[in-house]
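Chains as they are written, first to last, in the UniProt record's numbering: chain F, 1 to 774; chain S, 1 to 774. Glycine included, C-beta positions come from ideal geometry on N, C-alpha and C. Encoded as structure tokens, the structure appears first; notes follow it.
Number of protein chains: 2
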Amino acid sequence: MERRVSLKESITSPIQLRLFCLLKALTTPCSKFHQREREREMEGIRKLLRVFSLLLSGLLLLLFTRSWLHLPNTPFDKAQLLDCSNYSPWCTSKNRFQSEIILNPRTPNPTRNHKSQIPHHPLDPLTIQEINKVRTIVSSYPPFKSSSFTVHSLTLEEPEKPLVLSWKKGDPLFPRKASVTALVKGQSHVLTVDLGSNQVSRHDIGSDSGYPMMTIEDMTTATWAPLANASFNHTILNRGIDLADLACLPISTGWFGKKEEKRRLIKIQCYSMQGTANFYMRPIEGLTVLLDMDTKEVVELSDQGRDIPIPKADNTDYRFSAQNTGEEIKMKHLNPISIEQPKGPSFTIEDEHMVKWANWEFHLKPDPRAGVVISRAMVRDSETGELRNVMYKGLTSELFVPYMDPTDAWYFKTYMDAGEYGFGLQAMPLDPLNDCPRNAQYMDGVFAAADGTPFVRSNMVCVFERYAGDIGWRHAESPITGMEIREVRPKVTLVVRMAASVANYDYIVDWEFQTDGLIRIKVGLSGILMVKGTPYVNMNQVPGQEDLHGTLLSENVIGVIHDHYITFYLDMDVDGSDNSFVKVNIERQDTSPGESPRKSYLKAKRHVAKTEKDAQIKLKLYDPSEFHVINPSKKTRVGNPVGYKVVPGGTAASLLDHNDPPQMRGAFTNNQIWVTPYNRSEQWAGGEFVYQSQGEDTLAVWSERNRAIENKDIVLWYTLGFHHIPCQEDFPIMPTVSSSFDLKPVNFFESNPILRMPPNVEKDLPVCKAAASA
Amino acid sequence: MERRVSLKESITSPIQLRLFCLLKALTTPCSKFHQREREREMEGIRKLLRVFSLLLSGLLLLLFTRSWLHLPNTPFDKAQLLDCSNYSPWCTSKNRFQSEIILNPRTPNPTRNHKSQIPHHPLDPLTIQEINKVRTIVSSYPPFKSSSFTVHSLTLEEPEKPLVLSWKKGDPLFPRKASVTALVKGQSHVLTVDLGSNQVSRHDIGSDSGYPMMTIEDMTTATWAPLANASFNHTILNRGIDLADLACLPISTGWFGKKEEKRRLIKIQCYSMQGTANFYMRPIEGLTVLLDMDTKEVVELSDQGRDIPIPKADNTDYRFSAQNTGEEIKMKHLNPISIEQPKGPSFTIEDEHMVKWANWEFHLKPDPRAGVVISRAMVRDSETGELRNVMYKGLTSELFVPYMDPTDAWYFKTYMDAGEYGFGLQAMPLDPLNDCPRNAQYMDGVFAAADGTPFVRSNMVCVFERYAGDIGWRHAESPITGMEIREVRPKVTLVVRMAASVANYDYIVDWEFQTDGLIRIKVGLSGILMVKGTPYVNMNQVPGQEDLHGTLLSENVIGVIHDHYITFYLDMDVDGSDNSFVKVNIERQDTSPGESPRKSYLKAKRHVAKTEKDAQIKLKLYDPSEFHVINPSKKTRVGNPVGYKVVPGGTAASLLDHNDPPQMRGAFTNNQIWVTPYNRSEQWAGGEFVYQSQGEDTLAVWSERNRAIENKDIVLWYTLGFHHIPCQEDFPIMPTVSSSFDLKPVNFFESNPILRMPPNVEKDLPVCKAAASA
């Protein structure tokens, strides 16, 4: 049974739809758009639309040039920004930042008046004022003054690591610098802008293959650029789709050979949003537009799936408002449940970015490419009271998401979500009470748009304390010893969360800090599958199941097999910068005859990695190891080197041919663990310029140099991997699947650091009652 | 600095200590026992003690025979049971069960008046009355009437599976039966006692190697039996240990050759509890007593570690009361935090054992061997409203914990905690607010003591709803599409928890039920390490680090390397009993020249296991598979077979020689996954009689028969594994380490079963304030 979805409900605000609505209003009232039987009208308006589409394309290009691509000479316009309703596409890139947003009146956020914000810490991100200043400097910088340019990245250029390490609260800040990546006439430029001298102090021109990550404006404009192409519109109409129901996605092209070189290309695929907000489930299969992102020229139009029906809208809408509330929901009602902290949270966020909780302190900032950056993570030693370094910097360096279908409309889907789309740019405002519990506090991102103007991504990150009913440690004496002991400590942790929606998929990234010194890095996958249209409606029609490249999820819908790899950059500084990587191999040792009634046992053998190749690790279940980052110069009281180990999880490994172009670009997934010497320029595992890159600047290439890593400032890289064979439960939206890995102290503390933690007692717990209105 | 621990505080109630206290009072006041300088007195009282020890041993044996080993002919004595303070060794085996225990007044438990309890469901455990009746029947059963016997197991003999499957609420119960395992003159007898006819209807005599699991009384008496041995007492005193400070542990001997045959042997190792409740950290290294458990005869005394000092008590006590509160605790204070449900939990426990929550229903019961048994787990289909079978029965079948030290005092430590010690017998009462959150409800275990009398293990299991701030599913539209959508659902789950304290170690077992149909089975390891004494105080004294067999944790303390394997029995009944096991292999497929710009992609290839050997799975990261249990006769609307998959986690694999005696006994860990055809007698992976078994009745032996398993009633076995190289953070008590695996629907539902779940809204959440007294 098809359910009617009102236009307002499902597709509010996209400019293109408003335009189409106006357009179509000439022949039929807009409110009637969503009638199921409209095919009858189609034939009549088709010719008319073709004429309009040509007119429209001109109009669109004009609008674009004015709105986004042309750098405005007028200063920052407050009135313009104020005229902005929440979540419109305009506002997501140029969000209101003048207003203080308090989403949860019970745990009011610290004042978030970004306009008057000033930096307090050398690692604090650029402020609104600083971004504006950078834009002014760059605009008047001679090589940029004469040509139009687009800003693809405008972020703090962090001071050199030794400077940051020496800095203490109260010290003056080092001169602030910005790193700007801009495209001018198709060429990548990287500038350092010195905010002290108001000068461009460095100007490099990109040499390697690849382009900077797309701007939001790139992606948005790409989605409707094909409408300027008559053939495109023709095939859409021929497939019986109302242009007003069209939703298109910009899909990074990857790199597969020469033809992708020398211009920025993108592929566009489209969907019908008729009858559902979940257009992703209604692919117009086999139709792919290859577009020049800069000229908006349609380079190629591949139209191979005309016989494949568009899957029906039935049962695809996931919004609560779209559920049939008339039908009885058979799952038993759940009583309200909440994590409650009536005295408020135990953490503070000082100076906007320094998070202090229990024994932890770290600097937290949103980043347009990485999403969340954790810096200077330090843990207080419960014995000495000393704050000890654990990690200088940790971030999501790159993602690699290859789909497993070699056919025309699918082979190129090998996303690298950070370097291509901006993992932070795609992190939308979190939904209080659902994305994060009520006791959460929120942090905004301040980023730059393509024209260099600042915008605010509100509530991009949340921080909350988590009590999941878990146990920190326990021991009860058994009747064997007869001692009356039962000591148990609840486990409370601190979570930093963001959720990036890279088109269909949602990635939830949690950095969880535990009082026992452990850091758990967890990635949850939810959101919506990228599906493929098919003529099949039942598996009994399918001759070779393996050739489906996935699972038949619903009539005419295949969930295509794919992998997810999320590679983390972890600049460990265990009690100082100079560390070593030690593989502690667990090996079977056979006993000598007569030595023992046992024939075998396991031994731990330590191997210190001398060079990078010693630390290229493929995990092996039957040849297991622990992986320690130790400080060889610092030992515990009984002489063990202090260390942290990486405890693998989410261990799916890439099985693609290493010479397959996508795997060359995603070669950082060739091993699960890598260790490199610290190098300021090696932070992005897929390379600085990932878009259309050919893989010559990846972690795999750097590591091949086989540099010395013993007793050096080293960086640990860990890749969380998932193989995903979709199943029907993933339709029309996926229950979250999570994996995590841990950074865990190993002989870092002299003893259990949470020994003295008190147990819960009834009198400390909150007194709660049901909400009055419930 | 040594801290003085009062006797009352640390060692209340063990009978042996009270006796020693009396004894020692002859020469010195009891209150002075814990003076550090008492070595001076020792010489003088040593000879006296030797005399007393002989007297004492006679006294103890007499006491034992009367109290535990001899079956009382008097009926159940209420007065005796009432005279019982919480947690004394006596009370743990003969706990009060006449009183209603309400630990948390805010979520009162259903009446737990076990005396009047009656069974409601065919799988309900035996009641107090039934156990008493069984004891009466067995006591008057001719072969048992004339000899003394000890009851090692007395549990419900479940009706045949088809009967249980056909039973519906309201139907009369089938005749109740008990299965009794008893030792008579060193021989194992297994009886079926029919409670309808009051007859013993089956009587088998154990034929295989091995003995039934120990009784609590076996273990308790074994710990002080060595005191009857003069050489033992001599060496203890020679090592400078006050007998009043002695704490001994019963360690299962395993099986290593002929000499263990034909009698029940146990090894005893001892510790000093002087100055600490954590005696486990103060081993009397190298002293091992081999004891005949039935005659109490010391068979062998191995005393090899006289030069090894007993590690100091400093910093070993983990009790909150023993922490130095004078010293400032440097970790920041955490504000109270709690999972709150002011309207109460959303689940009900009907008829004592049927848990109903959200879309789940299952039968839950405590078991002395397995700990917790989940039966008849069914999930309600949100589309049809139908309750669908998922799992007939799930339980912890066996544990295997081999230590990795081949030397005299360590080689035999290869515990099988369920079949040797009773995983449920060792599950102590949970600590409300710390072991389980405030919204938990508790369930008691009703077990039989060695004399066949019933006792209650109160609060052995808890059930609670868990909200951890996690996300069930989410999607936000990005500015690319411009749609104003942000739909997020919080994740609430139901947890069933128990915690077994098998001497030093604590195992936390969680069965977590999710509304999306997933069952997560999680094992947390905490408690206290089994450590080894050493002369070393610093690693710089150690010539060959690998020969330590572990990590130097503190001065004179080595944490020995060991593994943990927890093997689960999972009788899956996916929409019916006849299921198949399908390995869905993810394989690389290379493209043909010209086929695609891609060189490679991954394909999913399905292999249906025909026989048991097809389903002996060693996990491989570089040859990955999914593992489905499907119902080949039931397909979804689009034709996929309905199924559940096991999602591995905690994948450490045993690396020991398959012919090593411990690995022969623990051969069920030779693979991570096994599938067997359902066989009523094959429930315990290490065999029915595990104690001193030789491995001829394990899962590995059964599976070797290579029976057909396609489209049959099949049982899935999964082993969670941990390699544990201890680190200093594990001293003196270990922060919990957890691993889990999942049973996850795969094309079981037509679509996402939690699509219609509502989001959280502020008005439904509780209103909480800080507790008045806080």
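Contact annotation: Val180/S and Val138/S have beta-carbon atoms nearer than 8 Å. According to the DSSP assignment, Arg497/F belongs to the beta strand (DSSP E) that extends over 486-502. Contact between Met757/F and Arg489/F holds: CB atoms are separated by about 5 Å, below the 8 Å threshold. The three-state reading of DSSP puts Ala230/F in helix, counting H, G and I together.
The three-state reading of DSSP puts Thr221/S in helix, counting H, G and I together.
Leaving aside the five residues that flank Cys436/F on each side, the residues in its chain whose CB is nearer than 7 Å to its CB run, in chain order, Leu430, Cys462, Phe464, Arg497. Nearest in C-alpha terms to Tyr718/S, of all of Tyr565/S, Met293/S, Asn315/S, is Tyr565/S. Going by beta carbons, Ile528/F and Ile733/F fall inside the 8 Å limit.
The bridge partners DSSP lists for Phe455/S are Phe447/S. Asp697/F and Lys712/F have their C-alpha atoms spaced approximately 22 Å apart.
Residues of the stretch 554-577 of chain F with a Cβ closer than 8 Å to any Cβ of chain S, in chain order: Ser554, Glu555, Ile561, Asp563. Counting only residues of its own chain and dropping the five nearest sequence neighbours on each side, Val542/S has a CB closer than 8 Å to the CB of Tyr536, Leu548, Leu552. The C-beta distance from Lys744/S to Lys645/S rounds to 5 Å, short enough to meet the 8 Å contact threshold. By the criterion of a C-beta distance shorter than 8 Å, Ile339/S is surrounded in its chain by Pro437, Arg438, Asn439, Phe464, Glu465, Arg466, Tyr467, once the five residues flanking it on both sides are discounted. Within its own chain, the residues whose Cβ lies closer than 6 Å to the Cβ of Phe400/S, once the five positions on either side in sequence are excluded, are Met416, Tyr565, Gly666, Thr669, listed in chain order.
Separation of Met404/F and Pro662/F (C-alpha to C-alpha, rounded to the nearest whole angstrom) is 11 Å. Interface residue (Cβ-Cβ distance to chain S less than 8 Å): Cys270/F is not classified as such.
In chain order, Gly305, Ile308, Ile310, Ala409, Lys532, Gly533, Thr534 place their CB closer than 8 Å to the CB of Glu285/S, counting only its own chain and leaving out the 5 sequence neighbours on each side. In terms of beta-carbon proximity, Tyr718/F stays away from the interface with chain S, with every pair separated by 8 Å or more. For Thr481/F, the three-state secondary structure derived from DSSP is coil. At a beta-carbon threshold of 7 Å, the residues of chain S lying near Arg489/F are Asn434, ordered along the chain. Scanning the stretch 350-427 of chain F from its first residue to its last, the whole beta strand (DSSP E) runs of 3-plus residues come out as 354-357, 360-367, 371-380, 387-402. Residue-level contact by beta carbon holds for Ala771/S and chain F, with a gap shorter than 8 Å.
In this chain, the beta strand (DSSP E) harbouring Trp717/F covers 712-724. By the criterion of at least three beta-carbon pairs nearer than 8 Å, the stretch 231-251 of chain S is in contact with the stretch 286-306 of chain S.
Burial of His152/S is indicated by the presence of at least 16 other C-beta atoms within 10 angstroms of its C-beta. Between Asp242/F and chain S, the shortest Cβ-Cβ separation is not below 8 Å.
In the DSSP assignment, Leu249/F falls within the unbroken beta strand (DSSP E) covering 246-252.
Here Glu420/F is near Met214/F, since their CB atoms are less than 8 Å apart. Close CB contacts of Cys727/S within its chain, under the 7 Å cut and outside five residues either way in sequence, are with Thr551 (chain order). At a cut-off of 8 Å, the C-beta of Gln274/F has no neighbouring C-beta in chain S. Against chain S, a Cβ distance below 7 Å from Tyr467/F picks out Ile337, Ser338, Ile339. Residue range 578-590 is occupied by the beta strand (DSSP E) that includes Lys583/S. Distances from the CA of Asp742/S to each of Asp516/S, Asn760/S, Met354/S, Ile268/S were compared; the closest alpha carbon is that of Asp516/S.
In the DSSP assignment, Ala700/S falls within the alpha helix (DSSP H) that extends over 699-704. Counting the other CB atoms within 10 Å of its CB gives Tyr622/S a total below 16, which places it among the exposed residues.
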